[in-house]
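In what follows, a single structure is set out as structure tokens and then discussed.
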Amino acid sequence: MQLTRSQQKLLFLIGITLLYLARLYWLDFLQAAYWWDEQHFWETSLTFSDQLIPSIDDISDYEELNTPLPFIAFGSLEYLFGQGIAAGRLLNFLLSLAMAFMIGWPTKEKDGRSLLCLIGLLFCPYYLMLTGRLYTEMIACFWVLMGMVGYIHRRHWLSCIAFILAISARQYMLAFPVAIATYALINSVTHFRQSGRINWKAQGSWIAPSIAACSILFWVYLFGGLAPQSALIAREDLVPEAQQVLFQVTSGVMIHFLAFIGVYVVIPEFFLFNPYENIKTLGQKWQQHRIKVGLITLGLLVFMVISPPQAAATGYVAKLASIQPYPILSLGVYFFFALLTCIRFSKFSLVALLILFNALIMFKAHPWDRYALPMVVVFWYLKSLDLVDRHPLPS
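In terms of the numbering used here, the sequence shown opens at residue 1123 and continues consecutively.
Next up, the structure:
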């Protein structure tokens, strides 16, 4: 039975209210004890609580690996209201709620997809786990999503500002404006080759995200590297070598990221949207695309032999791989889920580029599946608008 839009909105409001009230209760109304990294995140935030506008010295050297916007925000809340860690947790709680509304609120253009997309978003456990916690992901995810909203609605310079703020929250958010700039530039060149004319109004679609991407150079200059020097010294035992040396990479982490997308995007999408039809047509699709699938499988296998996934990974997918009795089965877990991602997004599209550039930037990261959360948020937003497979997107 198809629900009316009013019924969808009522169902959404009831569900989201109960879910977030339960989360508040679970967190003892934001007064729960520190959880994992919260303690040192809060200690760092306090170093930004002495004044409303931090100095250059404050933002250039502190003992955290990611860019300082979240700590500035948490410290500013403490400076203004003096409510302790609860104020920063409340900010993340509200940002999480706002993104849930942006994805899950039923509208005409979403055509009944919004509630399913919200379920898909919540299938990634880190979304709720980090809701109401003093972590940096929610601020980064929010600004990335706002950047994507700006791009979709052709507000390219507002999108640029949002992506600059996203990179100021997490360096890895660089992947999003780079992917959009690449996609928009390819579309612009294609249009020029087909028409012989330059659409000058559309050039902002790649210039704006390119400017946003270049903002990472400010942080590299300010830090004298990829992260504050104090953080690299204080967390030397925990920092991957790829983050300590500018041009050092760990390519195997790309497989981890692709596997994370397979688990948190490809599988839930398959079962949430027309699962019976998807299952019925599997054989037919295999016959039509078996050569393409074979080449993708072979290419991924060769890449894994050259750059195998790291054993010292973190997160739920890593736990699934680690419980396998034989190393070959552990590798098989990553290979299977990564292959799903490669097959699902084998056609050229903005989402395919977003996943590719996120996977490439993971060359500088520790393999942890919570780093896939921004991509998960963006995917379900685009899916709610039925833009995942649409090409070309607006410019």
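Yeah, the Cβ is synthetic: ideal placement off N, Cα and C, and Gly gets one too.
Fair warning: this is a prediction, and the values are worked out from it, not measured in the lab.
Excluding the 5 residues preceding and the 5 following Trp1148 in the sequence, name in chain order all residues of the same chain whose CB lies nearer than 8 Å to its CB.
For Trp1148, where only same-chain residues beyond five positions count, the Cβ hits under 8 Å are Ala1154.
Write down the C-beta distance between Trp1227 and Ser1236 rounded to the nearest angstrom, noting that I regard them as a contact closer than 8 Å.
Contact between Trp1227 and Ser1236 is confirmed by a C-beta separation of about 6 Å, below the 8 Å threshold.
Where in the segment 1280-1326 do unbroken runs of the alpha helix (DSSP H), each at least 4 residues long, occur, reported from the N-terminal end onward?
For the segment 1280-1326, whole alpha helix (DSSP H) runs of length 4 or above, ordered along the chain, are 1297-1317.
Buried or exposed: which applies to Arg1315, given that a residue is buried once 16 or more other Cβ atoms fall within 10 Å of its Cβ?
In summary, Arg1315 is exposed, with fewer than 16 beta-carbon neighbours lying within 10 Å of its beta-carbon over all protein chains present.
List the whole-angstrom C-beta distance separating Leu1453 from Pro1431, where the pair is believed to meet the contact cut-off of C-beta under 8 Å.
With a Cβ gap of about 7 Å, Leu1453 and Pro1431 count as contacting.
Using C-beta distances below 7 Å, list every residue in its chain close to Phe1467, excluding the 5 sequence neighbours before and after it, in chain order.
Excluding positions up to five away in sequence, the list reads Val1473, Ala1474 and Ile1477.
What three-state label does DSSP hand Thr1166 in the structure shown?
Here Thr1166 carries a helix assignment [DSSP, helix/strand/coil].
Which word fits Pro1449, buried or exposed, when buried means at least 16 other C-beta atoms lie within 10 angstroms of its C-beta?
Per the 10 Å Cβ criterion, exposed.
Start-end ranges of the alpha helix (DSSP H) lying completely within the segment 1362-1425, minimum 4 residues:
As far as the segment 1362-1425 is concerned, its whole alpha helix (DSSP H) runs of at least 4 residues are 1363-1366, 1375-1383, 1389-1394 and 1397-1402.
Could you check if Gly1405 is buried or exposed, using at least 16 other CB atoms within 10 Å of its CB as the buried criterion?
Under this definition Gly1405 is an exposed residue.
Residue interval of the alpha helix (DSSP H) (run including Cys1246)
Run containing Cys1246: none; DSSP gives neither H nor E here.
Where does Thr1436 fall in DSSP's three states?
In this structure, Thr1436 counts as strand in the three-state DSSP scheme.
Residue interval of the alpha helix (DSSP H) (run including Gly1454):
Here the alpha helix (DSSP H) through Gly1454 covers Pro1449 to Arg1466.
Neighbourhood of Glu1391 by C-beta, 6 Å cutoff - its chain only, sequence neighbours within 5 removed:
If we look at Glu1391 and ignore the five residues flanking it on each side, it has no Cβ neighbours.
Please name the residue in Glu1259, Ile1329 and Gln1409 whose C-alpha comes closest to that of Ile1289.
Comparing Cα positions, the closest option is Glu1259.
Go through its chain and collect everything with a Cβ distance to Leu1216's Cβ below 7 Å, but skip five positions before and after it.
A distance below 7 Å between beta-carbons, with the five flanking residues on each side excluded, links Leu1216 to no residue of its chain.
Where does the unbroken alpha helix (DSSP H) through Thr1126 begin, and where does it stop?
Per DSSP, Thr1126 belongs to no alpha helix (DSSP H) and is neither H nor E.
Sequence ranges, alpha helix (DSSP H) only - wholly within the segment 1189-1253, length at least 4:
For the segment 1189-1253, the full-length alpha helix (DSSP H) segments reaching 4 residues or more read 1191-1203, 1207-1226, 1236-1245 and 1247-1251 along the chain.
Whole angstroms is fine: what's the gap from Ala1440's alpha carbon to Ala1494's?
Taking the straight line joining both Cα atoms gives about 13 Å.
Going by the DSSP bridge assignment, what does Trp1490 pair with across the sheet?
Looking at the DSSP assignment, Trp1490 forms a beta bridge with Thr1436.
Look up Ser1352 in the DSSP assignment and say whether it is helix, strand or coil.
Helix, per DSSP.
Using a Cβ-Cβ cutoff of less than 8 Å, which residues in the same chain neighbour Leu1125 once the five nearest sequence positions on both sides are dropped?
Annotation for Leu1125: Leu1133 and Gly1234 place their beta carbon closer than 8 Å to its own, counting only its chain and skipping 5 residues before and after.
CA-to-CA distance, Leu1354 to Gln1293, given in whole angstroms:
If you take the alpha carbons of Gln1293 and Leu1354, they lie about 15 Å apart.
For Thr1139, count neighbouring C-beta atoms within 10 Å of its own C-beta (all shown protein chains included) and say buried if the count is 16 or more, exposed if not.
Classification of Thr1139: exposed, given that the 10 Å Cβ count is below 16.
Unbroken alpha helix (DSSP H) run spanning Ile1178, endpoints:
Per DSSP, Ile1178 belongs to the alpha helix (DSSP H) from Ile1178 to Ser1182.
How would you label Val1510, buried or exposed, when you count the other beta carbons within 10 angstroms and need 16 or more for buried?
Flag for Val1510 reads buried.
Among Ile1377, Val1387 and Ala1209, which has the Cα closest to the Cα of Val1427?
It is Ile1377.
Ordered along the chain, which non-local residues of its own chain (more than five positions away) have a Cβ less than 6 Å from that of Ala1334?
For Ala1334, where only same-chain residues beyond five positions count, the Cβ hits under 6 Å are Cys1282, Phe1285, Ile1286 and Pro1299.
Just how far apart, CA to CA, sit Ile1320 and Pro1514?
Taking the straight line from one Cα to the other gives about 17 Å.
Trp1157 (DSSP reduced to helix, strand or coil):
In the three-state scheme derived from DSSP, where H, G and I count as helix and E and B as strand, Trp1157 is classed as coil.
Beta-carbon within less than 7 Å of Ile1383's beta-carbon, same chain only, minus the 5 sequence neighbours each way: which residues are those?
Excluding sequence neighbours, Ile1383 sits near Thr1463, Ile1477, Ala1494 and Met1497.
Within a Cβ cutoff of 6 Å, which residues of the same chain sit near Phe1193, ignoring the five residues on either side of it in sequence?
If the five residues before and after Phe1193 are omitted, its C-beta is found closer than 6 Å to the C-beta atoms of Thr1166, Ser1167 and Phe1170, all from its own chain and listed in chain order.
Rounding to the nearest angstrom, what Cα-Cα distance links Cys1074 and Val1499 in this structure?
Missing from the structure shown is residue 1074; the chain here goes from 1123 to 1517 and no further.
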